[in-house]
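In full-length UniProt numbering, the protein residues as written are 1 to 197. For glycine and all other residues, C-beta sits at the position ideal for the given N, C-alpha and C. A quick write-up on the structure given underneath.
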Amino acid sequence: MAPEIQNRDQTATGGKPGAASSDPLPEIPQRGYFLLKEVCGITDTQPYVLRFWESEFPQLAGKKRGRQVTYTQEDIGLILQIKQLLHNEEYTLADARERLDQGEVAVEPAEEPVVQDTESLQDELDGLKERLADIRGRYEGATREIAHLKGQLAGSEDYQQRYEESREEIRDLKEGMSGRLQAIKQAFRKLTGSRSS
């Protein structure tokens with residue numbers, strides 16, 4: 001069961017805590033345990049902050065399950081209390097520790113953290129995986145098309161080079177044929193000229 005929330009009076013006499021309020025803590029899903037990432041999402045706290053608080057508040061200690069640390073609903077309630085004391089009410093670590101040790105809870109609800117169920121997160125993850133697969137497929141298709149076009153370009157460069165080489169061969173043959181034709185014409189003139197004389 002989540003603890004009740006108490007508001008802290010900011011009076012001129014030093015800000016002594018006031019009477020209990022009936023505002024509940026943010027709703028915590030009914031489960032046996034939570035992973036670090038889930039707790040950080042529920043409490044809007046960074047992992048390094050949570051680990052630091054574990055070293056400063058002995059009553060806050062996640063349980064090891066294999067290689068992962070897990071937290072209970074009570075741990076989440078305590079984290080929200082610590083956050084309220086340190087961030088909203090600006091207690092020092094020592095003062096917050098003392099308040100918690102004495103059982104005095106001074107938690108005001110800040111913004112209610114967003115709690116998402118695992119199914120909606122899984123749906124979002126599946127959607128992102130589909131988009132990634134689509135992008136990867138389009139990237140691979142574009143890569144294949146680029147390789148094909150490079151091959152065609154290289155082929156057209158080869159074709160251009162072969163064309164130029166063929167033109168030179170034709171020009172050389174033409175010059176050679178032209179020279180031979182001239183020689184044949186001269187030989188023919190000589191033959192026809194020597195016969196007519």
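How should residue i be labelled, buried or exposed, when 16 other C-beta atoms within 10 angstroms of its C-beta is the threshold for buried?
i, result
"A96", "buried"
"Q152", "exposed"
"G62", "buried"
"T45", "buried"
"R131", "exposed"
"Q84", "buried"
"L50", "buried"
"E175", "exposed"
"residue 199", "Summary: the structure shown does not reach residue 199, with the chain confined to residues 1 through 197, and so no result is reported for it."
"E89", "buried"
Please state whether the Cβ-Cβ distance between residue i and residue j is less than 8 Å.
i, j, result
"Y71", "F34", "yes"
"I79", "I28", "no"
"E56", "L93", "yes"
"L60", "I82", "yes"
"V69", "L121", "no"
Could you pull the DSSP bridge partners for residue i from this structure?
i, result
"Q68", "R65"
"V35", "As written in the sequence, residue 35 is Leu, which differs from the Val given in the question. For L35, which the question treats as bridged, DSSP gives the partners T70."
Just tell me which of the options has its CA closest to the CA of residue i.
i, options, result
"R31", "I42, Q73 and E54", "Q73"
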